[in-house]
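Here's the structure, in structure tokens; my notes come after.
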Amino acid sequence: MIGSRTFRTTALALLTGWLAVTGIAAAQVPGRGATPPAPGAPLPFELPDTQTLELENGLTVTFVPWGMTPTMDVIVSVRAGNIDDGQQTWIADLTGAMIDQGFAGLDQAGIADRFAAMGGSLNTSVTESSTLVGAYVLAEHGETALHLIADAVRRPDFPAEALDRVRSGLSRDIELRRSEPGTMAFATAFHSLFPDGHPYHLALPLPGQVDTYSIEDVRAFHAAHFSAGRTHLYIAGRFDTVRMEAAVRDAFGDWARGPADTAPQAIPARGPVVHLVDRPGSVQTTVHLVYPVGAITSKDATAITVMDAALGGAIASSMREAGWSYSPASFVQWTRGGGMWTYTDDIDAPRTVLALTTVFGTIASLRNDVWNTESTRRWLASLFVMSSGSSYGLLENLALRDGFGLAHDYLDQRVPALMGVTDREVGAVAGAYLRDDRFTLVIVGDLDRFERDLRAMPSLRQADIRRHEAVPTD
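If you want it as structure tokens, here you go:
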């Protein structure tokens, strides 16, 4: 989850973030109070002539002819991630890391050499919902790369002698992150947003937990969750479609369909609740503010995206103009069946209450007033067109569409959908979702410096305020 390795192609950014996280850094968004140059009309967008087919075993493959250079992206997305961890937090991450250790008779060094000879490298990433294995290679090696990737996904060796080293690496990463205020805030928020027993309840494994996982646990996770029916293969670049389809059928055609996907929904809980995590001596306060919102499949999804951009930009502008914060950002996180609007920041400790008062006041303004969001909508539409102007950006958008089962014309209609959102619709979704009785707020910092004044904030009067000396782990 937090410790996932990143893919070469940001085509998988949507999956390596919070799933398909369509996040927008607030600092980069033109919003109310900011004065960027007025953007022009967004460029028209037309989806390239992609071809998608489903094999008899349920595996889906999408071919994307793209570009002029003789290169290819071959990416396998298996619907197996942290949502499938059960009570073995990060068993998906350990499984993904072990895939890298050997397959097709090659050890880790041999794998690196084979892909380097093809002009690229093998990459794996484990996200909240998927495991991704793929490579960027010269087109002449596309079929060879495809067969090797099939071996990696279908028949990894899982060498027992590599387990201790891989587990130790993950455990070190976890312990380093456990003391970081941003991770502390994230983990506390998810502990509150998802109930005990849900795979997201514990964002980090307990101390020493990963070290208890055996090679049999890894093999069992792979056997239970890796199968053709849960897999989508993307091939983008310069290639002969007929030859690549034949190679796909040869490499994946006899893979078993496997059981149906039974992962739970991930619908965040409503507040209002405030978690105060004490970090004595901290000179800055880390804030993680979350409101549950509608799912990406809901009628409100596009308006929520515009709301995020406008609101995030306005908050970031206020924070930076006042000199109160270091890294204001907002983003929408789409989950299985739900979504979250999240604001994060690191605030100068003496200004914590003043800054939060401004944040809640800006949110209230969007709820109660009609903001002009035309420039924001144009910016988002232009950003979408630009992001789809490269193979990795296009794959990111295709994966978003496919991962959430959106309409086939979702990408074709994205620009008119964004431009069609009205100012009143933006205010309406803010009024529906960003209410004072819905939020989860996590504050990590030196509580002695601001706790009394924070508890007196009018915006928190309905909230259940809980104080912690450390990140909850129960």
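Residue numbers (the working numbering): 121 to 594.
Backbone N, C-alpha and C fix where the C-beta goes; we use that ideal spot for every residue, glycine too.
* How would you write the range of the beta strand (DSSP E) that I585 sits in, first residue to last? -> Locating residue 585 in the sequence shown gives position 465, where the first residue counts as 1. Its beta strand (DSSP E) spans residues D584 to H588.
* Asked: Rounded to a whole number of angstroms, what is the C-alpha to C-alpha distance between D398 and G216?
  -> Here residue 398 is taken as the residue at index 278 of the sequence shown, counted from 1. Here residue 216 is taken as the residue at index 96 of the sequence shown, counted from 1. A direct Cα-Cα distance of roughly 34 Å separates D398 from G216.
* Report buried or exposed for A519, applying the criterion of at least 16 other Cβ atoms within 10 angstroms of its Cβ. => Numbered from its first residue, the sequence shown carries residue 519 at position 399. When all chains shown are included, A519 counts as buried.
* In whole angstroms, what separates the C-alpha of I335 from that of W375? -> Here residue 335 corresponds to residue number 215 of the sequence shown, with the count starting at 1. Here residue 375 corresponds to residue number 255 of the sequence shown, with the count starting at 1. Approximately 22 Å, taken between the alpha carbons.
* Asked: Looking at the structure shown, is Q385 part of a helix, part of a strand, or coil, going by DSSP?
  -> Locating residue 385 in the sequence shown gives position 265, counting from the first residue. Q385: coil per DSSP, three-state reduction.
* Span of the beta strand (DSSP E), counted from its first residue to its last, around V452 -> For the purposes of this step, residue 452 is taken as residue 332 along the sequence shown, with counting starting at 1. Where V452 is concerned, the enclosing beta strand (DSSP E) stretches over A449 to T455.
* Using the DSSP secondary-structure output, state which residues sit across from S245 in a beta bridge. => Residue numbering aside, residue 245 sits at position 125 when the sequence shown is read from its first letter. According to DSSP, S245 bridges with L252.
* To do: Take A367 and list the residues in its own chain whose beta-carbon comes closer than 6 Å to its own, dropping the five residues that flank it on each side.
  => Along the sequence shown, read from residue 1 onward, the residue named residue 367 stands at position 247. Around A367: E263 and L266.
* If we call anything under 7 Å between Cβ atoms a contact, is W444 one with I424? -> By 1-based counting over the sequence shown, the position of residue 444 is 324. By 1-based counting over the sequence shown, the position of residue 424 is 304. Result no, Cβ atoms of W444 and I424 do not sit closer than 7 Å.
* Does the beta-carbon of D594 have 16 or more other beta-carbons within 10 angstroms, so that it is buried, or is it exposed? -> Taking the first residue of the sequence shown as 1, we reach residue 594 at position 474. Result: exposed.
* Let me know the secondary structure DSSP gives E281 once reduced to three states. => Within the sequence shown, residue 281 is the residue found at index 161, counting from 1. E281: helix per DSSP, three-state reduction.
* To do: Taking T209 as the reference, give the member of T182, E248 and T172 with the closest Cα.
  => Locating residue 209 in the sequence shown gives position 89, counting from the first residue. Per the Cα distances, E248.
* **Nearest candidate by alpha-carbon position, reference T464, set G433, R456 and G458** => The sequence position of residue 464 within the sequence shown is 344, counting from 1. It is G433.
* **Between the CA atoms of L409 and T332 - distance to the nearest angstrom** => Within the sequence shown, the letter at position 212 stands for residue 332. Within the sequence shown, the letter at position 289 stands for residue 409. Their Cα atoms are separated by approximately 33 Å.
* **Separation of S508 from P164, as counted between CA atoms** => The count along the sequence shown starts at 1 and reaches residue 164 at position 44. The count along the sequence shown starts at 1 and reaches residue 508 at position 388. Their backbone Cα atoms lie some 11 Å apart in a straight line.
* To do: Look up D465 in the DSSP assignment and give the residues it is bridged to.
  => For this step, residue 465 is matched to residue 345 along the sequence shown. As DSSP reads the structure, D465 sits in a beta bridge with V407.
* Asked: When DSSP labels each residue in this structure, what does E166 get in the three-state scheme?
  -> For the purposes of this step, residue 166 is taken as residue 46 along the sequence shown, with counting starting at 1. If DSSP states are grouped into helix, strand and coil, E166 belongs with coil.
* **Neighbour-count burial assignment, S347, 16 or more Cβ in a 10 Å radius** => Taking the sequence shown and counting its residues from 1, the one referred to as residue 347 is at position 227. S347 is buried by the Cβ-count criterion.
* Asked: In terms of residues, what are the limits of the alpha helix (DSSP H) holding H267?
  -> Residue numbering aside, residue 267 sits at position 147 when the sequence shown is read from its first letter. It spans G262 to R274 - the alpha helix (DSSP H) in which H267 sits, taken as one unbroken run.
* Sequence-distant residues of its chain with Cβ nearer than 6 Å to I387 (five each side left out) -> Position 267 of the sequence shown, counted from the first residue, corresponds to residue 387. Closer than 6 Å at Cβ, skipping near neighbours: G457 and G458.
* Looking only at its own chain, which residues have a Cβ that is under 7 Å from the Cβ of L226, when we skip the five neighbours before and after it? -> Your numbering for residue 226 matches position 106 in the sequence shown. Excluding sequence neighbours, L226 sits near R234.
* Have a look at A576 and P536 and give me their C-alpha separation to the nearest angstrom. => Taking the sequence shown and counting its residues from 1, the one referred to as residue 576 is at position 456. Taking the sequence shown and counting its residues from 1, the one referred to as residue 536 is at position 416. Going by the C-alpha atoms only, they are around 44 Å apart.
* Per-residue DSSP class, three states only, for P190 -> On the sequence shown, position 70 is the one that residue 190 refers to. Coil at P190, not helix or strand.
* Please go through the same chain and pick out, in chain order, the residues whose beta-carbon is closer than 8 Å to the beta-carbon of F223, but skip the five residues on each side of it. => Your numbering for residue 223 matches position 103 in the sequence shown. Result list for F223: I231, L268, D271, A272, R275, P276 and D277, in chain order.
* Identify the residues that DSSP records as bridge partners of F223: which are they? -> Against the sequence shown, residue 223 aligns to sequence position 103. According to DSSP, F223 bridges with L226 and P276.
* Using the Cα positions of P595 and N517, report the straight-line distance between them to the nearest angstrom. => This structure does not reach residue 595, given that the chain is present from 121 up to 594, and the question cannot be answered.
* What does a CB cutoff of less than 8 Å around V338 pick up in its chain, not counting 5 residues either side in sequence? -> Here residue 338 is taken as the residue at index 218 of the sequence shown, counted from 1. Counting only Cβ-Cβ distances below 8 Å, and skipping sequence neighbours, we find I211, L214, T215, M218, F278 and L283.
* Asked: Can you tell which of Q582, L561, L252 and L474 has its C-alpha closest to the C-alpha of G523?
  -> In the sequence shown, the residue the question calls residue 523 occupies position 403. Closest by alpha carbon: L252.
* Asked: Counting along the chain, where does the alpha helix (DSSP H) carrying P301 start and finish?
  -> For the purposes of this step, residue 301 is identified with residue 181 of the sequence shown, where counting begins at 1. Per DSSP, P301 belongs to the alpha helix (DSSP H) from P301 to L313.
* By how many angstroms is the C-alpha of A421 removed from the C-alpha of L554? -> In the sequence shown, residue 554 corresponds to position 434, counting from 1. In the sequence shown, residue 421 corresponds to position 301, counting from 1. A straight-line Cα-Cα distance of about 14 Å links L554 and A421.
* **Cβ contact (3+ pairs, closer than 8 Å) linking the region 565-579 and the region 468-485** => Flag = yes, the region 565-579 and the region 468-485 touch.
* Residue closest to T361, alpha-carbon to alpha-carbon, out of Q221, E571, T351 and T172 -> Here the question's residue 361 lines up with position 241 in the sequence shown. Cα-wise, what sits closest to T361 is T172.
* Bounding residues of the alpha helix (DSSP H) (the contiguous stretch that carries H342) -> Residue mapping note: residue 342 aligns to position 222 of the sequence shown, counting from 1. Note, H342: alpha helix (DSSP H), I335 to H345.
* Are the Cβ atoms of R586 and H395 separated by less than 7 Å? -> As a working note, residue 586 is residue 466 in the sequence shown. As a working note, residue 395 is residue 275 in the sequence shown. Between R586 and H395, the C-beta spacing is below 7 Å.
* Asked: Taking buried to mean at least 16 other C-beta atoms within 10 Å of its own C-beta, is G240 buried or exposed?
  -> Sequence index remark: in the sequence shown, residue 240 carries index 120 (1-based). Buried, by the Cβ-count rule.
* Residue of T542, L531 and T477 minimising C-alpha distance to R497 -> Within the sequence shown, numbered from 1, the residue matching residue 497 stands at position 377. Considering only alpha carbons, the answer is T542.
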